[in-house]
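All residue numbers for the sequence shown refer to our numbering, where the first residue is 631 and numbers rise by one.
Structure first, then comments.
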Amino acid sequence: MKRILGAITLFVVLFGTFSFVYYTSGGLAPDYSFSENRYFDLSRLYALVPAYWLIVSYFQLQRSKIARELLEELSGKTFRVEADWIRYSILVLGSVMGLVYGLWDFRMARDVPVDYQIMENTLKFGNGLVWASNGLLLSWRLYFATHCVRIGRHINIDLHRADQLRPLGRVGSLDVFGVMGILALSPLQSLSSDFRWEYYEAAFAIGIPGAIALFFLPMLGVRQAVRRAKQERLAEVDSQLKALSTGDLSEVNTLLDYRSHLKEVPEWPVDTRLISRVLLYLIVPPLAWVGAAIVERGVDQFF
Numbered sequence: 631m632k633r634i635l636g637a638i639t640l641f642v643v644l645f646g647t648f649s650f651v652y653y654t655s656g657g658l659a660p661d662y663s664f665s666e667n668r669y670f671d672l673s674r675l676y677a678l679v680p681a682y683w684l685i686v687s688y689f690q691l692q693r694s695k696i697a698r699e700l701l702e703e704l705s706g707k708t709f710r711v712e713a714d715w716i717r718y719s720i721l722v723l724g725s726v727m728g729l730v731y732g733l734w735d736f737r738m739a740r741d742v743p744v745d746y747q748i749m750e751n752t753l754k755f756g757n758g759l760v761w762a763s764n765g766l767l768l769s770w771r772l773y774f775a776t777h778c779v780r781i782g783r784h785i786n787i788d789l790h791r792a793d794q795l796r797p798l799g800r801v802g803s804l805d806v807f808g809v810m811g812i813l814a815l816s817p818l819q820s821l822s823s824d825f826r827w828e829y830y831e832a833a834f835a836i837g838i839p840g841a842i843a844l845f846f847l848p849m850l851g852v853r854q855a856v857r858r859a860k861q862e863r864l865a866e867v868d869s870q871l872k873a874l875s876t877g878d879l880s881e882v883n884t885l886l887d888y889r890s891h892l893k894e895v896p897e898w899p900v901d902t903r904l905i906s907r908v909l910l911y912l913i914v915p916p917l918a919w920v921g922a923a924i925v926e927r928g929v930d931q932f933f
């Protein structure tokens, strides 16, 4: 509840700041290349993204805790991380890189009045804030995922209870939801202004590969451990088969059935339902983007 209230407060403060700057600067002239609608579309998006991440990060933190405890239990090791200054340096670096990109990405008009420059600089800061929050969350999730890989390689696998590894897959699916949620929200910047692909290409170019990486990366170490356990167990079964008399067909058939079962044990801790959910997360933002374009074209034709 505190996160939700904090997110609402953050949105109100940011959007209120953008609105205050606009109205105290006198607004934009009708013939200016940057319209009032465009200003407030961007303001809504720039205020919403940090608030959105504040809420999503809470659920990411909870699922990460469950995954960490599971890995520690199966490996018998503490989920040890680097010193605080190293962790914080990685997060700060991700935030700074996002901020720098966001400031660079927002191209301002030239030779404009001072009041307009104030408004454009405010939006430039908002774009930097959005990308800084993206960089912070992305660096955090990648940092956590690398530790999942390191610990996951050394866990003790019970091939008869492979379903106990599912929480690791759910961690990645939530990360995909978080990233793709941002992309689904991106059409808000064209809610009442022109819809152009260049407004979205950077988000899609970074977001989709990032979401796919965040889904698979935490499971890589576990996949290696499962594969190793399967190979060792299959080698044992093969040795037992060689040691058996060819006349003991019932035991041979039992071992052959068990061997087939071992081969079918999934190496990735995911199921069909989870994969379907992730695919849904991946296709919703493009659908939202296409829908926004269709709506704009329809409005242009009728009005």
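Backbone N, C-alpha and C define an ideal beta-carbon position, used for all residues, glycine too.
The shortest CA-to-CA distance from Y682 to any of W715, G808, G724 is the one to G808. The straight-line gap separating the alpha-carbon atoms of L850 and K707 is approximately 18 angstroms. Take the alpha-carbon of L700 and the one of Q747: they are about 53 angstroms apart. Bounds of the alpha helix (DSSP H) holding R668 are 666 to 705. Between I787 and A677, the beta carbon gap of about 46 angstroms keeps them out of contact (Cβ cut-off 8 angstroms).
Taking 4 residues as the minimum length, the alpha helix (DSSP H) runs contained wholly in the segment 809 to 854 are 831 to 846, in order along the chain.
For E750, the enclosing alpha helix (DSSP H) starts and ends at 744 to 782. S906 is classed as exposed because its beta carbon has fewer than 16 other beta carbons within 10 Å across all chains shown. Counting the other Cβ atoms within 10 Å of the Cβ of Y829 gives 16 or more, which makes it buried. Beta-carbon to beta-carbon, L892 and L864 are separated by about 6 angstroms, close enough to satisfy the 8 angstroms threshold. Around the beta carbon of N757, 16 or more other beta carbons lie within 10 angstroms, which makes this residue buried.
For L684, the CB contacts under 8 angstroms within the same chain, skipping 5 residues up- and downstream, are R633, G636, A637, L640 in chain order.
Contact check for S769 against S803 fails: the beta carbons are separated by 9 angstroms or more.
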